[in-house]
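To get this note's numbering, take the position in the sequence shown, counting from 1, and add 202.
Beta carbons are placed, not taken as given, at the ideal position from N, Cα and C, and that holds for glycine.
Notes for the one structure printed next.
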Amino acid sequence: MSYQNQRYDFSKPATVTNLAFKEIPNTAFINVGSYFEMDYGFDLNNVGYTYVDLNSDGSFELIFGVMNEVPDGEFPYDYFERAYTLIDNKPVRFIEGGSRVLFWLGNDGYTYESGSSGAANSGTWKLTFNSSNIDSNWDGWEKTGFSNEAFLGVWDSYIHIDHPFDDIDSEANLSDNQITTDEFQSLSNEWNSRRVVIDWLRLSDYLSNNKLL
Numbered sequence: 203m204s205y206q207n208q209r210y211d212f213s214k215p216a217t218v219t220n221l222a223f224k225e226i227p228n229t230a231f232i233n234v235g236s237y238f239e240m241d242y243g244f245d246l247n248n249v250g251y252t253y254v255d256l257n258s259d260g261s262f263e264l265i266f267g268v269m270n271e272v273p274d275g276e277f278p279y280d281y282f283e284r285a286y287t288l289i290d291n292k293p294v295r296f297i298e299g300g301s302r303v304l305f306w307l308g309n310d311g312y313t314y315e316s317g318s319s320g321a322a323n324s325g326t327w328k329l330t331f332n333s334s335n336i337d338s339n340w341d342g343w344e345k346t347g348f349s350n351e352a353f354l355g356v357w358d359s360y361i362h363i364d365h366p367f368d369d370i371d372s373e374a375n376l377s378d379n380q381i382t383t384d385e386f387q388s389l390s391n392e393w394n395s396r397r398v399v400i401d402w403l404r405l406s407d408y409l410s411n412n413k414l415l
């Protein structure tokens, strides 16, 4: 699959099946992609969805997450990890998260992505979404259609990029973007305070009401 996360073991065989049936044993799942589809004690009743207009264009996007935190606490209920939008009246997926890619909504109107790409590189991206920027050749992992507006995290050292950017590696080397540990902690608290608690709708209710289960 094109959106394999770091938990996948390429040396072992994997079975992909219809994951909507709870009686299927966990051994049939591969640890890749969606939290609510693949592992972490999959429970269809814990899958949440809702609609949000990410770019205030009057067209609502469809996002998915979990109703309650999964048992290990690694995936909180106020994050989402899959999203669709409509383009020419057709649903198009533009977010696919995983164990190192979590998305959340800010009370300032921005979308945020918290994740990591290794032990020395992690943090949170402040993003704006534009469906016209969706890449038709997107590989199906992480996101497409977003622009970086700011970044706060660790990129070999603590950094805060407070302007739009394309290349984080180049920005991380600029002294103007490097901050102290205390500055990082203060900014982290401020950024985290922006996170919106999502009022999820239960996907299994929708499926049952529409006789899709």
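I'd like the span of the alpha helix (DSSP H) that includes residue i, first residue to last.
i	result
W340	Unbroken run through W340: none, as it is neither H nor E.
S388	383 to 394
Which two residues bound the contiguous beta strand (DSSP E) that contains residue i?
i	result
L414	Unbroken run through L414: none, as it is neither H nor E.
L329	323 to 331
S318	313 to 318
S377	Per DSSP, S377 belongs to no beta strand (DSSP E) and is neither H nor E.
N350	348 to 357
V398	Premise fails: V398 is in no beta strand (DSSP E) and is neither H nor E.
What residues are listed by DSSP as bridge partners for residue i?
i	result
P366	Answer is none; P366 lacks a bridge partner.
T287	V294
T252	I265
R416	A query on residue 416 cannot be resolved here, the shown segment of the chain reaching from 203 to 415 and no further.
G308	R397
Y360	V356
G300	V303
Just tell me which of the options has its CA closest to the CA of residue i.
i	options	result
N335	E283, I289, A322, T383	I289
F173	N291, K292, R302	What is shown of the chain runs 203 to 415, which leaves residue 173 out entirely.
V254	W343, W402, S410, N411	W402
D337	Y312, R295, R284	R295
R397	N248, T313, Y251	T313
D150	V399, T382, Y408, W327	Here the chain has residues from 203 to 415 only, and residue 150 is not among them.
S377	W357, N411, R284	W357
N391	G325, I265, L256, G300	G325
S299	G308, E344, L405, Q387	The residue asked about is misnamed: residue 299 is Gly in this sequence, not Ser. Among G308, E344, L405, Q387, the Cα nearest to that of G299 is on E344.
L354	E385, S372, T330	E385
Y286	N323, F266, S395	F266
F331	N323, F305, N339	F305
E487	G260, V249, E263	Residue 487 is absent from the model: the chain starts at 203 and stops at 415.
S406	D280, M269, G347	M269
S333	S261, N411, L414	S261
W393	K292, Y251, D259, D310	D310
S349	F367, N247, N412	F367
L264	I400, K413, S372	I400
L329	G347, N339, N323	G347
A374	I297, N323, L414, E315	N323
T252	D245, D280, T382	D280
L256	L307, K413, N291, D245	L307
>> I want to know whether the segment 361 to 369 touches the segment 304 to 319 - three or more CB-CB distances under 8 angstroms.
In response: no
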